[in-house]
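Q:
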Amino acid sequence: MTTKNNYAGILDKYARLEEAKVVLIPVPYDGTSTWQKGADKGPQAFLEASENMELFDIETRTEVYKKGVYLAAPVTENSSPEKMVEAVHKTTKNYIKQDKFVTLFGGEHSISIGSIRAFNEAFPDLTVVQIDAHADLRKEYEGSSCNHACAVHEASKTTNLVQVGIRSMDEEELEYMDENQVYFAHDLYEDWMDDAIGQMTPNVFLTIDLDAFDPSILPSTGTPEPGGLFWYETLDFLKLIFKKKNVVGFDIVELCPNKEEKSSDFLAAKLYYKMLSYKFKYGKPIVIEEE
Numbered sequence: 061m062t063t064k065n066n067y068a069g070i071l072d073k074y075a076r077l078e079e080a081k082v083v084l085i086p087v088p089y090d091g092t093s094t095w096q097k098g099a100d101k102g103p104q105a106f107l108e109a110s111e112n113m114e115l116f117d118i119e120t121r122t123e124v125y126k127k128g129v130y131l132a133a134p135v136t137e138n139s140s141p142e143k144m145v146e147a148v149h150k151t152t153k154n155y156i157k158q159d160k161f162v163t164l165f166g167g168e169h170s171i172s173i174g175s176i177r178a179f180n181e182a183f184p185d186l187t188v189v190q191i192d193a194h195a196d197l198r199k200e201y202e203g204s205s206c207n208h209a210c211a212v213h214e215a216s217k218t219t220n221l222v223q224v225g226i227r228s229m230d231e232e233e234l235e236y237m238d239e240n241q242v243y244f245a246h247d248l249y250e251d252w253m254d255d256a257i258g259q260m261t262p263n264v265f266l267t268i269d270l271d272a273f274d275p276s277i278l279p280s281t282g283t284p285e286p287g288g289l290f291w292y293e294t295l296d297f298l299k300l301i302f303k304k305k306n307v308v309g310f311d312i313v314e315l316c317p318n319k320e321e322k323s324s325d326f327l328a329a330k331l332y333y334k335m336l337s338y339k340f341k342y343g344k345p346i347v348i349e350e351e
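If you want it as structure tokens, here you go:
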């Protein structure tokens with residue numbers, strides 16, 4: 061039986077938590093964004109687009125959904141940014157402890173504070189790879205350290221942070237930035253992918269803000285920036301990470317759907333499925349350390 065309540069409309073036998081290797085947590089939160097609102101509608105648009113994908117991946121010759129994808133109940137806590145982060149952290153950690161490959165779809169980038177915190181507690185010597193147009197390194201913004209502009213500040217202190225695609229930031233963020241591990245969009249060079257891989261520890265968590273992509277291929281995001289990444293170069297980088305490192309989980313954020321423009325929703329859906337395809341084609345098994 062197929063149901064629209066399942067990720068990508070997959071059969072129920074592939075969507076049950078007990079058998080699924082993958083958990084997908086939607087986080088429809090948009091409490092701190094400062095320009096275009098609508099990221100809270102991103103998870104639903106992503107899920108609707110996913111129902112219209114072909115589920116055979118040509119590149120890997122796989123149908124990764126058969127590994128099982130459990131669509132978790134959305135994290136809907138929105139009373140404050142801090143409580144949202146706590147809820148994301150708690151929910152993410154719960155599924156990590158069940159030996160699942162845990163993924164999240166936002167929502168604005170502040171949700172990643174909670175997801176990164178959970179993965180950092182579960183996996184030693186974690187590298188966070190941030191693919192993003194914005195540095196998101198502010199210690200605090202508009203009275204909160206859980207603002208979308210602070211998405212990886214904590215990660216810069218507690219993990220090995222590698223930033224890719226950055227092309228917008230405030231001067232104050234230089235204080236928290238390790239420029240040796242930042243790959244600015246305007247300054248990508250021939251061997252940058254290999255250099256970035258060389259800076260990563262064995263365990264990697266990926267956080268992808270969709271505004272990392274050039275607006276010509278993904279305009280539906282809250283804070284689009286010119287000069288972004290393109291589809292195949294991004295996939296080349298991601299595939300290399302999945303092959304060389306142990307990707308322990310990922311999140312995708314900042315889809316701000318536009319009812320007149322559906323290609324962005326579909327790109328997000330394909331990106332998520334591609335990343336699962338790479339994980340189970342090339343990746344290593346998840347090993348959780350006992351606390």
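Just so we're aligned: the sequence shown equals residues 61 to 351 in our numbering.
Just so it is clear, CB atoms sit at the ideal spot from N, CA and C, and this is done for glycine as well.
Look at the alpha carbon of LYS143 and the alpha carbon of GLU285, and state the distance between them as a whole number of angstroms.
A: By one-based count along the sequence shown, residue 143 stands at place 83. By one-based count along the sequence shown, residue 285 stands at place 225. Distance between the alpha carbons of LYS143 and GLU285 is about 29 Å.
Q: Taking 8 Å as the threshold, find out whether the stretch 274–282 comes into contact with the stretch 71–78 through three or more Cβ pairs.
A: At 8 Å Cβ cutoff, the stretches do not touch.
Q: Three or more C-beta pairs under 8 Å: does that hold for the stretch 114–128 against the stretch 143–158?
A: Flag = no, the stretch 114–128 and the stretch 143–158 do not touch.
Q: Sorted by chain position, which residues of the same chain lie with C-beta nearer than 8 Å to ILE257's C-beta, five sequence neighbours on each side aside?
A: By 1-based counting over the sequence shown, the position of residue 257 is 197. Only LEU300, ILE301, LYS304, LYS305 meet the Cβ criterion.
Q: Kindly indicate which three-state DSSP category ILE171 falls into: helix, strand or coil?
A: Translated into the one-based positions of the sequence shown, residue 171 becomes position 111. In this structure, ILE171 counts as helix in the three-state DSSP scheme.
Q: Three Cβ pairs or more, each shorter than 8 Å: is that satisfied between the stretch 232–240 and the stretch 171–179?
A: No, the stretch 232–240 is not in contact with the stretch 171–179.
Q: Quick check on the burial criterion: 16 or more other C-beta atoms within 10 angstroms. Buried or exposed for ALA133?
A: Here residue 133 refers to the residue found at position 73 of the sequence shown. Burial call: exposed.
Q: So which of SER323, LYS341, TYR338, LYS344 has the shortest CA-CA distance to MET113?
A: One-based indexing of the sequence shown puts residue 113 at position 53. That would be SER323, whose Cα lies nearest to the Cα of MET113.
Q: Roughly how many angstroms separate the alpha carbons of PHE273 and ALA99, rounded to a whole number?
A: Position 213 of the sequence shown, counted from the first residue, corresponds to residue 273. Position 39 of the sequence shown, counted from the first residue, corresponds to residue 99. The straight-line gap from Cα to Cα measures roughly 16 Å.
Q: How big is the Cα-Cα spacing for GLU293 and LYS157?
A: Taking the sequence shown and counting its residues from 1, one reaches residue 293 at position 233. Taking the sequence shown and counting its residues from 1, one reaches residue 157 at position 97. Roughly 33 Å separates the two Cα atoms.
Q: Assuming ASP196 contacts CYS210 under a Cβ cut-off of 8 Å, what Cβ separation, rounded to an integer in Å, is found between them?
A: What you label residue 196 is simply residue 136 of the sequence shown in a count that begins at 1. What you label residue 210 is simply residue 150 of the sequence shown in a count that begins at 1. Contact holds; Cβ gap of about 7 Å.
Q: Could you check the C-alpha separation between PHE116 and TYR333 for me, to the nearest Å?
A: Looking up residue 116 in the sequence shown gives position 56. Looking up residue 333 in the sequence shown gives position 273. Computed Cα separation, rounded: 10 Å.
Q: Could you say which of SER204, HIS194, VAL307, MET229 lies nearest to GLU314 if we only look at CA atoms?
A: Here residue 314 refers to the residue found at position 254 of the sequence shown. Ranking the options by Cα distance to GLU314, first place goes to HIS194.
Q: Report the rounded CA-to-CA distance for ASN65 versus VAL83, giving the unit in angstroms.
A: Walking along the sequence shown from the start, residue 65 turns up at place 5. Walking along the sequence shown from the start, residue 83 turns up at place 23. Those two C-alpha atoms are separated by around 14 Å.
Q: Can you list, in chain order, the residues of its chain whose CB lies under 6 Å from that of TRP252, leaving out five sequence neighbours each side?
A: Numbered from its first residue, the sequence shown carries residue 252 at position 192. Contacts found: TYR243.
Q: Give the secondary structure of ASP251 by DSSP, where H, G and I count as helix, E and B as strand, and everything else as coil.
A: Along the sequence shown, read from residue 1 onward, the residue named residue 251 stands at position 191. ASP251 falls in the coil class under three-state DSSP.
Q: Along the beta strand (DSSP E) that carries LEU266, what are the first and last residues, could you check?
A: Taking the sequence shown and counting its residues from 1, one reaches residue 266 at position 206. Counting along the chain, the beta strand (DSSP E) containing LEU266 begins and ends at 263–269.
Q: Starting from PHE161, follow its DSSP beta bridges and name the residues at the other end.
A: As a position in the sequence shown, residue 161 is number 101, starting the count at 1. Per DSSP, VAL82.
Q: What does ASN220 pair with, by DSSP beta-bridge criteria?
A: Within the sequence shown, the letter at position 160 stands for residue 220. ASN220 is bridged to THR187.
Q: What residue does the beta strand (DSSP E) around ILE312 start on, and which one ends it?
A: As a first step, residue 312 must be located in the sequence shown, where it is residue number 252. From DSSP, the beta strand (DSSP E) with ILE312 extends over 306–313.
Q: Could you tell me whether the Cβ atoms of ILE277 and PHE297 are closer together than 9 Å?
A: Taking the first residue of the sequence shown as 1, we reach residue 277 at position 217. Taking the first residue of the sequence shown as 1, we reach residue 297 at position 237. No, Cβ-Cβ distance for ILE277 and PHE297 is not below 9 Å.
Q: How many whole angstroms separate the CB atoms of GLY166 and GLY102, which I take to be in contact at a CB cut-off of 8 Å?
A: Walking along the sequence shown from the start, residue 166 turns up at place 106. Walking along the sequence shown from the start, residue 102 turns up at place 42. Indeed they touch by this definition, with Cβ atoms about 6 Å apart.
Q: Would you give the residue range spanned by the alpha helix (DSSP H) that PHE106 belongs to?
A: Position 46 of the sequence shown, counting from 1, holds the residue named residue 106. It spans 102–110 - the alpha helix (DSSP H) in which PHE106 sits, taken as one unbroken run.
Q: Let me know the alpha helix (DSSP H) ranges lying completely inside the stretch 269–305, each 4 residues or longer, listed in chain order.
A: Counting whole runs of 4 or more residues, the stretch 269–305 contains the alpha helix (DSSP H) stretches 291–304.
Q: Pick helix, strand or coil for LEU131, following the three-state DSSP scheme.
A: In the sequence shown, residue 131 corresponds to position 71, counting from 1. LEU131: strand per DSSP, three-state reduction.
Q: Please report the residue range of the alpha helix (DSSP H) in which PHE244 lies.
A: Taking the first residue of the sequence shown as position 1, residue 244 is located at position 184. Where PHE244 is concerned, there is no enclosing alpha helix (DSSP H), although the beta strand (DSSP E) it sits in stretches over 242–244.
Q: Can you grab the Cα-Cα spacing for the pair ALA245 / GLN223, in whole Å?
A: Here residue 245 corresponds to residue number 185 of the sequence shown, with the count starting at 1. Here residue 223 corresponds to residue number 163 of the sequence shown, with the count starting at 1. Looking at the two C-alpha atoms, the distance is approximately 10 Å.
Q: Determine the DSSP secondary structure at MET335, reduced to helix, strand or coil.
A: Walking along the sequence shown from the start, residue 335 turns up at place 275. In this structure, MET335 counts as helix in the three-state DSSP scheme.
Q: I need the straight-line Cα distance from GLU79 to ASP159, nearest angstrom please.
A: Locating residue 79 in the sequence shown gives position 19, counting from the first residue. Locating residue 159 in the sequence shown gives position 99, counting from the first residue. Using only the alpha carbons, I get a separation of about 11 Å.
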